[in-house]
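I have placed the structure first, in the form of structure tokens, so that the comments after it can refer back to it.
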Amino acid sequence: MRKTKNRKGQMRIIEAILASFIVFFAVAFINTFAVTPSSTTYETSELEKVGHNVLHDLDDQKLLARFVYNGEWENLTAALTVCLPPDVYFNLTVYDLDGNLVNEGKPICYGDPNVFETSSSIASVTYILPGCPRWEKAELLAEYEPRILILQLVRG
1014 MRKTKNRKGQ MRIIEAILAS FIVFFAVAFI NTFAVTPSST TYETSELEKV
1064 GHNVLHDLDD QKLLARFVYN GEWENLTAAL TVCLPPDVYF NLTVYDLDGN
1114 LVNEGKPICY GDPNVFETSS SIASVTYILP GCPRWEKAEL LAEYEPRILI
1164 LQLVRG
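If you want the numbering used here, it's the position in the sequence shown, counting the first as 1, plus 1013.
Listed below in structure tokens is the structure:
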């Protein structure tokens, strides 16, 4: 009687081990290039999207132009505070076309001002208002008085 060694399953075990190594190294390699939610790249781009959407929504509702051209800085601060998530701090500055600060002495901000100095990732959104329509003697006139809004956002 002849003894034979049963080696049929050994190759399958070696193949499974090699396949698991390949999958493990592939996942480790991809993980080094993945943008996670805690990364500054992801955080800044998401805050920029949120900031632009909020300014655009206020502009669509005809509130942004009214607040800026009438100097209603408290109302603008309140509107931004309501529209943005509570853990997002903001600082908005308004300039005219010549680069002069329009809201001088009237800060439009929410949160601790030191956060903007110490944070490593600050999102900045630039939004331009071309002008504001006004009524004069029952006639609608449009004033071309551009305002440049710079909204800085940071997570608190």
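Cβ coordinates follow ideal geometry from the N, Cα and C atoms, glycine included.
Linking L1114 to E1061 through their CA atoms gives a straight-line distance of about 22 Å. Here the alpha carbon of N1066 sits roughly 40 Å from the alpha carbon of V1036. In summary, V1138 is buried, with 16 or more beta-carbon neighbours lying within 10 Å of its beta-carbon over all protein chains present. Beta-bridge partners of L1166 (DSSP): F1103 and A1136.
Counting only runs of at least 4 residues, the stretch 1052-1085 fully encloses the following alpha helix (DSSP H) elements, listed from N- to C-terminal order: 1053-1073 and 1076-1083. Distance from Y1123 to Y1102 at the Cβ level is roughly 6 Å; contact confirmed, criterion being Cβ atoms closer than 8 Å. Under the 10 Å beta carbon count, A1136 is surrounded by 16 or more other beta carbons and is classified as buried. By the beta-carbon neighbour count (other beta carbons within 10 angstroms, threshold 16), Y1140 is buried. Taking each of L1164, S1134 and N1044 in turn and checking the Cα distance to T1094, the smallest one comes out for L1164. Less than 9 Å divides the Cβ of S1132 from the Cβ of V1167. Only residues of its own chain outside the window of five on either side were considered, and among them Y1157 and P1159 have a CB closer than 8 Å to the CB of P1143, listed in chain order. In this structure, the alpha-carbon of A1091 lies about 23 Å from that of E1130.
In the DSSP assignment, E1117 falls outside any alpha helix (DSSP H), carrying neither H nor E.
Here N1104 is buried: its Cβ has 16 or more other Cβ atoms, across all protein chains shown, within 10 Å.
Cβ neighbours of D1125 within its own chain (closer than 8 Å, five residues either side excluded): Y1102 and G1169.
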